[in-house]
Amino acid sequence: MRLLPNISIRRFAKADLTQFAEWVRPQLPASALNLAVITDTHDRTAFSRTYYGPNGYWHVQEQHWLAGELPVSWRIHLGDLVDGSEPAFMTMWRLRNIAADFKADDLPFVIAKGNHDDNDKYAEKNRRFAGSFHPWVFNDTVFRPMTQQVGGPAVTRHGLSFFDAGTVRVIVLNTSDVPVRWVGGRRNYDLKKTLAVTAEQLQELSDALAGAGRRDVLIMAHAPAMVRSGKPGLKFNGRPLHELLRAFNAKLTGRVECGTDPDFGGSARFDFSQTSGKIIAYLAGHWHTEEDYRVNGLHYSLLNCSALMGRLHGLTTNYNRKWNRLINTPSEYAGYIVSIDQEARMLREFGYGAASPLRQFRY
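Written out as structure tokens, the structure is:
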């Protein structure tokens, strides 16, 4: 039995999520692995009725409450916890609030790092990039508590995490895996604009895939390795990542090459000859939309942002503009119960708020 804290959420949200839980509950088989998933909360202190604000944190609390109403085994956040557009001490406070909510009970959690989580949106306004976080901020606030959970995920040096549940292994990648140095008072990369995995993380992924054995594998990350057009979705090593997943499906042995860039180059060895599972799908956020597509037989599924994107704001995506999202209504938030029916080999994504009610796919 889980130990749940006393969670207070807004009245309209409680009514909406209660109705959602009552609809979803009968559709979750006893054998299913159920994950409560949100992404891109873009939490910040500054309030806006049409765009990002402190309701990002409220959405995390509402996910927490919903997870207590359903047979959910894990809570997952796919990154961009914070918007990273405020002075460092304010963003750090918002980041710690969200991490504290995930740590507040014994339900295990995984949090991916997003490209806004190092406060570079604020820093890019400053000539010397003042305000960017050092890596220790996210490592100490998020990754370290993840490793300290009883029954929590394994977390690698480069921020990849994974856990097993029945016949499924879930691997959550770090698509903001960027070596950080300060050169002349400026950071070498603007992390907000540099989605990447290093060759070293690809080796960690190769090892995690090989260790899956007979299990099928669900890949999750802040950003997808590839976009619908078949082009890389990451600035560095999107295609090698994609090819490594293809090699897992084909049960190959070999090496994936990552070029010669001093920060992202190298290679990763793989041997998938002793595995028998397949990639279920690659779930990601980042693009603030919903979309499903296949690249070389691999299913990519994009999840909509939790953060409010009102239709009158200039940066709102077309997908969210169609929702006409309004504050203090269910359209303000977006989240999912991702259910993997291991017997029927079915992936279902039940959405609430500004999300599709149901998307389902066989694997």
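Each residue of the sequence shown is one higher than the last, beginning at 30 in this note's numbering. Even for Gly, the Cβ is constructed at its ideal location relative to N, Cα and C.
Considering just the uninterrupted stretch of the beta strand (DSSP E) at residue i, what are its terminal residues?
i	result
ALA297	296-300
ASP321	320-324
THR176	Looking at the DSSP string, THR176 is not in any beta strand (DSSP E); the run it does join, the alpha helix (DSSP H), is 173-176.
PHE191	190-194
LEU331	327-331
TYR365	363-370
ASN63	62-67
ARG73	Counting along the chain, ARG73 falls outside any beta strand (DSSP E), and DSSP gives it neither H nor E.
VAL201	197-201
Quick one: what does DSSP say residue i is sitting in, helix, strand or coil?
i	result
PHE293	coil
TYR392	coil
ILE127	helix
ARG40	helix
PRO83	coil
TRP403	Outside the modelled stretch of the chain, which goes from 30 to 392, sits residue 403, for which no answer is possible.
SER161	coil
ALA152	helix
ARG210	coil
THR282	strand
LEU46	helix
SER360	helix
ARG216	strand
PRO55	helix
VAL256	coil
VAL166	helix
MET30	For MET30, the pLDDT reaches just 44, beneath the cut-off of 50, and the residue's location in the model is therefore unreliable, leaving the point undetermined.
MET249	strand
VAL184	strand
SER305	coil
GLY343	coil
PRO386	coil
SER24	Residue coverage of the chain in this structure runs from 30 to 392, which leaves residue 24 outside it and unanswerable.
ALA310	strand
SER205	strand
Which whole-angstrom value is the C-beta distance of residue i and residue j, which I expect to be below 8 Å?
i	j	result
LYS221	GLY113	7 Å
MET249	LEU107	6 Å
ALA313	PRO359	Not quite, the Cβ-Cβ distance comes to about 23 Å (not below 8 Å), so this is no contact.
ILE140	MET175	7 Å
ASN81	LEU337	The residue you asked about is not Asn; residue 81 is Tyr in the sequence shown. Rounded, the Cβ-Cβ distance is 7 Å, consistent with contact.
HIS88	THR70	5 Å
ILE366	ASN63	6 Å
ALA228	CYS287	4 Å
LEU231	ASN266	7 Å
Note the first and the last residue of the continuous alpha helix (DSSP H) segment covering residue i.
i	result
GLY267	267-279
TYR381	It is not in any alpha helix (DSSP H) - TYR381 instead sits in the beta strand (DSSP E) that spans 375-382.
ASN349	347-352
Examine chain D for any beta-carbon lying closer than 8 Å to the beta-carbon of residue i, and answer yes or no.
i	result
ILE140	In the structure shown, chain D does not exist; there is a single protein chain.
To the nearest angstrom, report how far apart residue i and residue j are at their CA atoms.
i	j	result
ILE36	LYS43	11 Å
ALA128	VAL171	6 Å
ARG298	LEU281	11 Å
MET30	LEU344	Note that MET30 has pLDDT 44, beneath the 50 cutoff, so the model's placement of it is unreliable and no number is given.
GLU272	ASP370	26 Å
ARG215	ALA152	10 Å
LEU387	GLN56	11 Å
GLN303	GLY242	7 Å
PHE379	TRP211	43 Å
LYS154	GLU115	10 Å
THR289	LYS264	14 Å
ALA50	VAL209	42 Å
PRO100	PRO137	13 Å
ALA295	GLN90	For the record, residue 295 in the displayed sequence is Gly; it is not Ala. Rounded to the nearest angstrom, the two C-alpha atoms are 41 Å apart.
ALA159	VAL207	18 Å
GLN389	VAL324	18 Å
ASN191	ASP45	Per the sequence presented here, residue 191 reads as Phe, with Asn not at that position. Using only the alpha carbons, I get a separation of about 32 Å.
THR79	ARG73	13 Å
GLY306	ASP245	4 Å
PHE41	LEU95	13 Å
TYR329	TYR311	5 Å
GLY382	PRO291	43 Å
ASN203	ASP169	15 Å
ARG198	THR346	32 Å
TRP122	GLY283	45 Å
Under 7 Å from any heavy atom of the ligand GTP, does the C-beta of residue i make it?
i	result
SER161	The ligand GTP is not part of this structure, which contains no ligands at all.
Margin query: Ignoring anything shorter than 4 residues, give me the alpha helix (DSSP H) runs that lie fully in the segment 220-247, in order along the chain.
Written below: For the segment 220-247, whole alpha helix (DSSP H) runs of length 4 or above, ordered along the chain, are 228-239.
Notebook entry, point to check: Residue ranges of each beta strand (DSSP E) run of no fewer than 3 residues wholly in the segment 89-142, ordered along the chain?
Noted result: Segments of the beta strand (DSSP E) lying fully in the segment 89-142: 103-106, 138-140.
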